[in-house]
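*Asks:* Here it is: the structure, laid out below.
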Amino acid sequence: MTQVPEPQPTDSSATPTRSADAVVVRGVDKTFDTRSGQVQALTAIGLTVSAGEFVSLIGPSGCGKSTLMRLIADLDQPTAGSVTVFGKTASRARLDQDYGIAFQQAGLLPWRTVAANVGLPLELHGATSRDRNARIEELLDMVGLSDFADRYPDQLSGGMQQRVAIARSLAEKPDLLLMDEPFGALDEMTRERMQTELLRICAETGAAVVFVTHSIPEAVYLSDRVVVMSPRPGRIQQIVPMALTRDPEHAEALREDRAFFDGVTAVREALHTGSPVPTGARGVENR
Amino acid sequence: MTQVPEPQPTDSSATPTRSADAVVVRGVDKTFDTRSGQVQALTAIGLTVSAGEFVSLIGPSGCGKSTLMRLIADLDQPTAGSVTVFGKTASRARLDQDYGIAFQQAGLLPWRTVAANVGLPLELHGATSRDRNARIEELLDMVGLSDFADRYPDQLSGGMQQRVAIARSLAEKPDLLLMDEPFGALDEMTRERMQTELLRICAETGAAVVFVTHSIPEAVYLSDRVVVMSPRPGRIQQIVPMALTRDPEHAEALREDRAFFDGVTAVREALHTGSPVPTGARGVENR
Amino acid sequence: SGGPSDTGSGSNENAGDSLTEVKLQLQWLPQGQFAGYFAALDQGYFEDEGLDVEIIPSGGDIVPQDALANGDVDYAIAWVPKVLGSIEAGANVTNIAQIFQRSGTLQVSWADSGIESVADFEGKKIGSWGFGNEWEIFAAMAAEGLDSSKVEIITQDFNMNAFLQGDIDAAQAMTYNEYAQLLETPNPETGELYTAEDFNVISYEDTVGAMLQDAIWADTEKLESDEQYQETTVSFLKAVLKGWVYAADNPEEASQITLDAGSGWGPSHELWMVNETNKLIWPAENGIGFIDEAAFDKTVAGALSAVNEAGAALITEEPPAGVWTNDYIQQALDALEEEGVDTKGQDFTPIDVTLEEGGN
Amino acid sequence: MVLTLPGKSRSAARTETTLRIIAPIAVGILVLVGWQFLVSVIGVSDYLLPSPAAIVEEFIEFFPSMVSATLITGWNALLGLIIGSILGILLAAIAAGWRPIDHMSAPVVASLAVIPIVALAPVLNSMFGADSQFGRQAIAGLASFVPVFINTLRGFRQTLPVHRDLMKVYAASSAQIVRTVTLPTAVPFVFTGIRIASSLAVISALVAEYFGGPRGGLGGLISTSAASSAYARAWAYVVASIVLGLVFFLATLALERLATRGRRRS
Amino acid sequence: MTAENLAPAIRRRRSAPARELVRWGYGVLGILVIAAVWELYKFLGPADGVVIGEARVLPRTTDLAMPHTWDMVTRLFDPVSRSATANPLWLEVALAALVTLGIAAVGWLVGVVVGFGLALIMQRWKLAEWGILPWVILSQTVPLIAFAPIVRSWGSRVEIGAFEWQDWMSVAVIASYLAFFPIAIGALRGLQSPDAIHTELMHTYGVGWWKTLLKLRIPASVPYLLPALRLGAANAVVGVVVAEVSTGMQGGIGRILIQYAGQASGDPAKAWGPIFGSIVLGLAAAGSVAILGAILKNYRRVEINA
Ligand SMILES: Nc1ncnc2c1ncn2[C@@H]1O[C@H](COP(=O)(O)OP(=O)(O)OP(=O)(O)O)[C@@H](O)[C@H]1O
Ligand SMILES: Nc1ncnc2c1ncn2[C@@H]1O[C@H](COP(=O)(O)OP(=O)(O)OP(=O)(O)O)[C@@H](O)[C@H]1O
Ligand SMILES: [Mg+2]
Ligand SMILES: [Mg+2]
């Protein structure tokens, strides 16, 4: 993780755009028209992710984390405000394949082998079969699934499927990775292993990451900065910079570090600001 | 939580059976016959859960947590060894409705209202409709869903559904609650709230709980003792007694307590004993 | 044993109190083809004979002789060749009255088609309804050395469209029904109805293939052993014959009766049908219903010679003796003679029927 | 309550496989024996209910005609199945792409699904000519069309949102999307539709023969045999038609399995 | 995960009328388009159709083969025949349709009982499922028309006390033969649909097969059962019409179907009356199951693609 630049403790939503920034979100609102009226999913979102930076989005269900990520990926358009990726419009960045993406469900095509799934984006963009095979081999090696190249997704465990999806998202060497709860479906131990691996991969590739998660320890462990969001309508509650010194040799020890627990506490408190911590009192659930 | 007896730091698998103990598991093996051969799911399991005690089972996927719980619930029979529940055979205890059970999915019947779902066990066991209604009211009040009695499960959020399932498992005032990852599908914030509520309910009813989870903080926060299991074949790796002083007034503060983090660290270390902590090394996943 | 009703007054005793239940199975839907039976019912002839008759229509797949053989009904109307096949398959039934003295089957082709005899069928598409109605064709063809390998047999459906549109070169048609359908259809070129001049008509009655058609069949075993049934048979035949006499004398009324009985045809078509049916019955040389041995043997010979497209013959050996009997029809005829009923119809004259478009 | 455990031992698995084969055969033999018993011992009239032995006899005696009749009817059914399936898939593709077509086709498809084949047979014979097999093929085609259309349309709607998003992320062209995601997703549904259609195609082609057209198919021979009370022969033709239906069903089932291989948990 | 759960329910309630209207509009448009295509082809197409090789791939356009759509419609309002007492065609068709509908309902009920019974047996004993299911599937390859006379003949022997077998009962039996199949399959799938979590829950409650059936399996089968019942209803109508034709039963729509088909040479439009009648009939039968669906709507909260 030595290549990763130091996290920037300033609230970067106010800093001017530089083309070196991976993502710049400025004054974004997003409203959905539904049959039962309008849903204000995001309000006045401002956020800058520097190149190579690891930023997590955390917040209660429905606060707009996925929506924000989809705006960056150009899978949806903001109602107001602008999103730029490496200085281009989100749409241009998508067409240029400037980012790789992974979702909560691995989203593999069940009728394709592991190798064919990983090679899908390359195939769609017309890479020669030779280049493709070389790259697939490299990627599967990176996620430790070389032996499973010819398997079908349903023959893999959830963790392995997720690793295939991550390999796929890295296929075109993007400088930005978008990940929406990629480890949500895994058990805690596999998850920890995947987290460590993700950090290693990021260190190797130097990609910036926007990472959506529900898990505070995960966000703390992985991120340079944690963006805490609050719902109704989705706003950025607070951006918590992490001060963990990462060292691949001792990545695991970190999880029992004092600084780690402090980070967890800081994020917890940020999360509970606004929505008071329940103390066993009965409350109608937020829906 | 004051009624909860103090955790017993001795390895209770060796202690003699007393009928006051909620669960006594002695020398249990469980082997499954599968198409691809035999699977040794559990070996030499010994465990005693005292009345009113909260015991969590934690361990990597496939280590046999669910299997052990299913043996206690008499949903499966051990290959060797014995399981007694309140001094009776597991089967007798099941027929006597000595325990309530909740799974990872709420498992509500979608065509029944919340009230009818909660009342299902009472209805099946021939309670009069008057008794039933009184009990349903009480239970829904306990889980804070009185206003939702006439809703259908699909009109509730995941957290609310899980609360209904817990109310259902409490319907017949069991002295033992079996819960298999009941909060696995919830987001972290809802989950924390549910944990707090579960502790309150346990304190109110004085029931013993066997709780399966993947989350270390959850196990630490909830339990009197955490049983750490290891796979292949499923064994009890270590039983970690928790030394948190619980106080309903400050239930939330606990999560940021030093003792809490120490508990987390202790369980993490117990978990990683035997299966070395991965440090980014590639390993074929356990399936 | 003699007939139960030597005199008209004898039968009247039965009327009113205890009628004998009798079921009669037709071989198709209610229509003018069966005018005599419906007339007998309508005019109370059955009741006069002490019978409570239920007439059961048929449709696609009901085989009347099987219904009879199975004991579902007491009597059945069916073509002789079809029943011969059933008898060889094990049906135990007897022809007790040959109502139609002549075959009413035609093969119709266009006037300019050059198909003027069965020999001309070679290489042509020949229509037939199947369901056992095809044996006259096969028998007539066999006499000309033709079989299904030399002509193409096409199943006709319930109307003549296949022929009108040229899918079939020569269509099977009954004088009393399908032929009339042709004459009820407007010629798209002239807008007028087609006329007889537009068609060549081959009548199987004029060929070796001619076979006996509508006959009344009874249960052989019961005929032999059941006296009550024997008596009922004679009474039944008496009433039926009177019905047919009524139809011959009053074709308009008879056609109205079948219309009321549920025939779906229009009045003009119905009247045509009754009239043409009468022509197949009257005049009856030996009295209506009397079985002509020569005609029966000819039918058997045809049935033995005919082979269908599956290579199956209708029958492979002569039918057993007792497949027909004139015992009962003779008794009925005698009794009617005594009552002064003309059962031969020597001076029968058909009426002229004008067909309307669509048979309406 | 029967608690079936998901896992089974190897020996249990083997027993299951054997039982799965033996059980239906046993039921079949039981019925046949009972049938033969009814006829030959109890003496239900052999005339109406021929014994299995008599049917087998007829089957052997008329074997060449069985084969040719089966081929005629089978060909009609096959052609109808293929044409109906192709039309069903094409129209479903259009309906999936354009909702108004979906709505507009709804009443027609619903009508086709409930219309008795006998009602259409005479009309189709008039329209397409009674001298060709086309009327029957059209009927088999119409009967096949409905399930294929309905299933294919459903299949086209099954594309997972995550796959759709993925394609958008890759900036894939519509042709690429159809090729890589939409079609493969729909394929199992298409084949399920075809499997359902296969039995319908055979039955319809056969029943249509009762209502005119060239002779020689199974339907015509069943009716001819029954009309001359040759019931054993009629049953023999029925057996042939069952065999034909079974061949169609198994062939399409195999196709379906082939199309869905390797994606149990998709 | 939360708001979406609520959305479908709201969606259905809120905009149902408007969407229904649009649907109906398009439906009517669809029928009009078919009619227009019919007339257009009739106008443009060659009288003898389009023949490629041996096969006529497009139909003839003569009035005999393709009557004008308006002739088909106006014919409905003309009397059936010239007979003084003749009803208009539509009335005749409607009366016949009612008879058929009644028999179909009986056949459907029998099919429901048999199909559901079979499904219960198959659910209860795995061995029964293995033994019976292949035959249930095979039964659909048997041409039922071959059985019509046999059923009628067998039926005519049934006479128990005052009860006497009627012809329409044979027809109903044949209808039930067609109706039972989708019901048996759908009910079996439905009865087997509860998740392990639900069956195990019942097990922990220590209740037996019957109570599990009553409280869990039957309610859970409703979403599978309803489409099966709908299919069964449509099949029952088809079965009745076929059986009416085949057994020659009077009074129903099958009977007038062949009768009017026999008159189609001289009166081509008339034959379409019963065809339209049988379509309406099938739709009505299938539609009336929708009423059942509305009554059982709480059991279909999880909708299933069956
Ligand atoms: N396509 C859509 N149409 C309508 N409303 C939507 C849509 N997508 C999201 N929403 C609404 O926008 C809000 C934010 O949704 P979003 O999925 O971004 O939340 P999230 O933070 O990702 O939640 P979770 O943690 O459950 O994934 C929610 O209220 C949701 O219902
Ligand atoms: N019914 C069964 N048949 C065969 N093998 C089984 C069965 N149930 C469990 N197993 C096997 O027994 C082992 C333990 O399974 P179990 O479900 O108890 O694990 P677990 O600890 O609950 O895992 P998870 O955390 O994924 O729920 C696994 O290897 C599993 O494959
Ligand atoms: Mg989300
Ligand atoms: Mg488990």
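Which chain is which? The protein sequence lines are A, C, F, U and G, in order. The opening position of the first sequence corresponds to residue 257 in the numbering used here, with each subsequent residue numbered one higher. The opening position of the second sequence corresponds to residue 257 in the numbering used here, with each subsequent residue numbered one higher. The opening position of the third sequence corresponds to residue 26 in the numbering used here, with each subsequent residue numbered one higher. The opening position of the fourth sequence corresponds to residue 31 in the numbering used here, with each subsequent residue numbered one higher. The opening position of the fifth sequence corresponds to residue 62 in the numbering used here, with each subsequent residue numbered one higher. Note that CB positions come from ideal geometry on N, CA and C, so glycine has one too.
Take A116 (chain F) as the anchor and find which of F:S288, F:T245, F:D377 and F:V366 has the nearest alpha-carbon.
*Replies:* Nearest option by C-alpha distance: F:T245.
*Asks:* Look at V466 (chain A) and I301 (chain A) and say whether their C-beta atoms are less than 8 angstroms apart.
*Replies:* Not a contact, by the Cβ cut-off of 8 angstroms.
*Asks:* As a quick check of your reading: which residues have a C-beta less than 7 angstroms from at least one non-hydrogen atom of ligand 4, in chain order?
*Replies:* Matched residues: C:K321, C:S322, C:D436, C:E437 and C:V468.
*Asks:* Measuring only the C-alpha atoms, how far is D403 (chain C) from Q451 (chain C)?
*Replies:* Cα to Cα, D403 (chain C) sits roughly 21 angstroms from Q451 (chain C).
*Asks:* Assuming I282 (chain F) and A60 (chain F) make a contact with CB atoms under 8 angstroms, what is their CB distance in whole Å?
*Replies:* The pair is a contact, with the Cβ atoms about 7 angstroms apart (cut-off 8 angstroms).
*Asks:* What does DSSP give as the partner residue(s) for V57 (chain U) in the beta ladder?
*Replies:* V57 (chain U) is not bridged to any residue.
*Asks:* Could you tell me which of C:Y477, C:P473, C:V468 and C:P489 sits nearest to V544 (chain C), measuring between CA atoms?
*Replies:* Because residue 544 (chain C) is not part of the residues shown, which for chain C are 257 to 543, the question remains open.
*Asks:* State the Cα-Cα distance for the pair P263 (chain A) and M498 (chain A), rounded to the nearest angstrom.
*Replies:* Confidence at P263 (chain A) is low in this model, with a pLDDT of 40, below 50, so its placement is unreliable and the value that follows should be read with caution. Spanning the two alpha carbons is a distance of roughly 8 angstroms.
*Asks:* Quick check: the Cα distance between I392 (chain A) and L412 (chain A), rounded to an integer number of angstroms?
*Replies:* Distance between the alpha carbons of I392 (chain A) and L412 (chain A): 17 angstroms.
*Asks:* Is it true that the stretch 313–320 of chain C meets the stretch 340–347 of chain C, where meeting means three or more beta-carbon pairs spaced less than 8 angstroms apart?
*Replies:* Short answer: they don't touch.
*Asks:* When you measure from the CB of G440 (chain C) to every non-hydrogen atom of ligand 1, does any distance come out below 7 angstroms?
*Replies:* No, the Cβ of G440 (chain C) stays beyond 7 angstroms of every heavy atom of ligand 1.
*Asks:* Between A297 (chain C) and ligand 2, is the CB less than 7 angstroms from at least one heavy atom?
*Replies:* Checking every heavy atom of ligand 2 against the Cβ of A297 (chain C), one is found closer than 7 angstroms.
*Asks:* F138 (chain G): beta carbon under 7 angstroms from a heavy atom of ligand 1?
*Replies:* For ligand 1, not one heavy atom lies less than 7 angstroms from the Cβ of F138 (chain G).
*Asks:* Note down, in chain order, all residues in the stretch 129–146 of chain G with a beta-carbon under 9 angstroms from any beta-carbon belonging to chain U.
*Replies:* Those residues of the stretch 129–146 of chain G that come within reach of chain U (Cβ to Cβ, closer than 9 angstroms) do not exist; the list is empty.
*Asks:* For ligand 2, is there a heavy atom less than 7 angstroms away from the beta-carbon of D228 (chain G)?
*Replies:* No, ligand 2 has no heavy atom inside 7 angstroms of this Cβ.
*Asks:* Taking Cβ-Cβ distances shorter than 7 angstroms, what residues in chain F pair up with A158 (chain G)?
*Replies:* Result: empty, since nearest Cβ-Cβ is about 15 angstroms, beyond 7 angstroms.
*Asks:* Please confirm whether any heavy atom of ligand 2 lies closer than 7 angstroms to the CB of G490 (chain C).
*Replies:* Yes; taking the cut-off as 7 angstroms, the Cβ of G490 (chain C) has a heavy atom of ligand 2 nearer than that.
*Asks:* If we ignore side chains and look at the alpha-carbon of each, how far apart do R50 (chain U) and V160 (chain G) end up?
*Replies:* Looking at the two C-alpha atoms, the distance is approximately 43 angstroms.
*Asks:* Out of G:A233, G:W215 and G:A345, state which residue places its alpha-carbon closest to the alpha-carbon of L79 (chain U).
*Replies:* When each option's Cα is compared against that of L79 (chain U), the closest is G:W215.
*Asks:* Along the chain, where does the alpha helix (DSSP H) that runs through L380 (chain A) open and close?
*Replies:* Counting along the chain, the alpha helix (DSSP H) containing L380 (chain A) begins and ends at V370 to L380.
*Asks:* Taking only heavy atoms of ligand 1 into account, decide whether any of them is closer than 7 angstroms to the Cβ of D285 (chain A).
*Replies:* Not so, every heavy atom of ligand 1 lies at least 7 angstroms from the Cβ.
*Asks:* Please report the straight-line C-alpha distance between A345 (chain G) and G86 (chain G), rounded to a whole angstrom.
*Replies:* Roughly 19 angstroms between the two C-alpha positions.
*Asks:* If you follow the alpha helix (DSSP H) that I306 (chain F) is part of, which residue opens it and which one closes it?
*Replies:* It spans P292 to I306 - the alpha helix (DSSP H) in which I306 (chain F) sits, taken as one unbroken run.
*Asks:* Under the rule that 16 or more other beta-carbon atoms within 10 Å means buried, what is R117 (chain G), buried or exposed?
*Replies:* Buried, because 16 or more other Cβ atoms sit within 10 Å of the Cβ of R117 (chain G).
*Asks:* Chain U partners of E81 (chain G), CB-CB under 7 angstroms?
*Replies:* The premise fails here: E81 (chain G) is roughly 11 angstroms from chain U at the closest Cβ pair, so nothing lies under 7 angstroms.
*Asks:* Closest Cβ-Cβ distance between R278 (chain G) and chain C: below 8 angstroms?
*Replies:* No, no contact with chain C.
*Asks:* Enumerate in chain order the residues of its own chain whose CB-to-CB distance from T265 (chain G) is below 8 angstroms, with the five nearest sequence positions on each side excluded.
*Replies:* Nothing listed; no residue qualifies.
*Asks:* Does any residue of chain G bring its CB to less than 8 angstroms from the CB of T245 (chain F)?
*Replies:* No, no contact with chain G.
*Asks:* With a cut-off of 8 angstroms, does the C-beta of D161 (chain U) fall near any C-beta of chain F?
*Replies:* It does; some Cβ of chain F falls within 8 angstroms.
*Asks:* For I206 (chain G), name the three-state secondary structure that DSSP assigns.
*Replies:* DSSP places I206 (chain G) in helix when its eight states are reduced to three.
*Asks:* Grouping DSSP H, G and I as helix and E and B as strand, with all else coil, what is R291 (chain G)?
*Replies:* Three-state result, R291 (chain G): helix.
*Asks:* Does W128 (chain U) pass the burial test, meaning 16 or more other C-beta atoms within 10 Å, or should it be called exposed?
*Replies:* Exposed, since its Cβ has fewer than 16 Cβ neighbours within 10 Å.
*Asks:* Looking at G318 (chain A) and ligand 5, is the gap between the Cβ and the nearest heavy atom below 7 angstroms?
*Replies:* With respect to small molecules bound, the structure shown includes ligand 1, ligand 2, ligand 3 and ligand 4 and not ligand 5.
*Asks:* Where does R84 (chain G) fall in DSSP's three states?
*Replies:* Note: R84 (chain G) maps to helix in three-state DSSP.
*Asks:* Please classify A499 (chain A): does DSSP put it in a helix, a strand, or coil?
*Replies:* The answer is coil: DSSP assigns A499 (chain A) none of H, G, I, E or B.
*Asks:* Under 8 angstroms, Cβ to Cβ, is there at least one residue of chain A near Y267 (chain U)?
*Replies:* No, no contact with chain A.
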